[in-house]
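Quick notes on the structure that follows.
Residue numbers (our numbering): 424 to 715.
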């Protein structure tokens with residue numbers, strides 16, 4: 424596992440580093456193709472089923488297709504061999520727009536990446552272009568942790584984001600599906616969603632936020648009032664629960680793994696969750712003070 428990770432350490436340096444010795448200059452319509460780039464039939468390419476981006480704006484695609492119809496595809500599409508054809512690693516939006524522009528061929532770069540590399544590259548390209556919504560980005564991080572054994576710390580280095588950014592996005596996956604849909608549709612933003620986390624009856628509160636057009640600050644007050652109302656009806660203890668939840672979030676950010684705290688008058692437990700042996704090694708090294 425650690426050996427595989429070392430071979431992928433270049434991912435965080437950007438797409439140019441990924442392409443190695445292949446020329447980075449754009450394709451010029453009507454001119455010679457840069458070294459390593461070749462033309463390929465549009466029909467020979469297929470999208471990657473698990474690619475992080477799932478929402479493609481129709482208007483933006485139309486605008487890109489008009490540009491492509493005039494100037495061609497200026498940036499090659501990165502693909503890998505897949506059966507008798509090729510699978511898109513990065514550039515699905517350009518491929519979709521080229522189809523709309525009725526192009527028969529597009530410029531591509533062929534590289535032989537495995538599933539993990541393919542997913543990481545697709546995520547990196549979309550994040551660099553800011554093409555992912557918050558839920559798509561959170562889903563991608565969740566998959567990289569669950570399927571490929573990354574820690575939050577490793578992800579932060581990979582995508583050049585803070586570990587708290589990764590942790591905050593992952594918490595959005597705790598929202599009900601209907602509230603996540605509001606975030607994807609742009610009817611609430613990440614600030615609203617974070618304010619609603621941990622509140623009772625989140626779906627009702629989210630509906631109120633949308634209906635009244637509440638600001639993030641108003642949403643924070645609404646969620647706080649709902650939490651106070653719940654703690655009051657259950658006989659108190661709400662403030663202590665909020666403190667414990669805040670401590671769990673803080674420890675999760677520091678360790679890079681999920682932390683759960685249970686407590687009672689006689690004591691409690693602190694649980695750190697891990698999904699791979701590498702993550703367990705990391706926790707042990709942190710606890711013993713050994714170098715990482």
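We treat Cβ as the ideally placed atom computed from N, Cα and C, and that holds for glycine. Here the structure is a predicted model, which means the values were calculated and not measured.
- Per DSSP, the unbroken beta strand (DSSP E) holding residue 505 starts and ends at 500-505.
- Beta-bridge pairing by DSSP links residue 558 to no other residue.
- Between residue 575 and residue 591, the alpha-carbon positions lie close to 11 Å from each other.
- A Cβ-Cβ distance of about 7 Å is found for the pair residue 693 and residue 682, placing them in contact under the 8 Å criterion.
- Under the DSSP assignment, residue 510 falls outside any alpha helix (DSSP H), being part of the beta strand (DSSP E) whose first and last residues are 508-513.
- Closest in C-alpha terms to residue 516, from the list 484, 586 and 677, comes 484.
- Contact between residue 667 and residue 678 is ruled out by a C-beta separation of about 16 Å, above the 8 Å threshold.
- According to the DSSP assignment, residue 490 belongs to the alpha helix (DSSP H) that extends over 481-494.
- In the three-state DSSP reduction, residue 528 falls in the strand class (E or B).
- Ranked by Cα distance from residue 531, the first of 587, 696, 601 and 503 is 503.
- The stretch 465-481 makes contact with the stretch 504-512, as at least three CB pairs between them are under 8 Å.
- Rounded to whole angstroms, the separation of the alpha carbons of residue 650 and residue 471 is 42 Å.
- Membership of residue 685 in the beta strand (DSSP E) is indicated by the continuous run 682-687.
- By the neighbour-count criterion, in which a residue is buried when 16 or more other Cβ atoms sit within 10 angstroms of its Cβ, residue 559 is buried.
- Spanning the alpha carbons of residue 587 and residue 618 requires a straight line of approximately 16 Å.
- Fewer than three Cβ pairs drawn from the stretch 486-502 and the stretch 563-572 lie within less than 8 Å of each other, which leaves the two stretches out of contact.
- Residue burial is scored here from C-beta neighbours: residue 615 has at least 16 other C-beta atoms within 10 angstroms and is therefore classed as buried.
- The three-state reading of DSSP puts residue 693 in strand, counting E and B together.
- Within the model, the alpha-carbon separation for residue 544 versus residue 674 is close to 29 Å.
- By the C-beta density criterion, residue 609 is exposed, having fewer than 16 other C-beta atoms within 10 angstroms.
- Rounded to whole angstroms, residue 623 and residue 473 show a C-alpha spacing of 33 Å.
- The beta-carbon separation of residue 595 and residue 629, rounded to 12 Å, does not stay under the 8 Å limit for a contact.
- Between residue 597 and residue 578 a beta carbon distance of about 18 Å is seen, past the 8 Å cut, so the two are scored as non-contacting.
- Per the coordinates, the alpha-carbon of residue 498 lies some 51 Å from the alpha-carbon of residue 648.
- Take residue 711, set aside five residues on each side of it, and no residue of its chain has a beta-carbon closer than 8 Å to its own.
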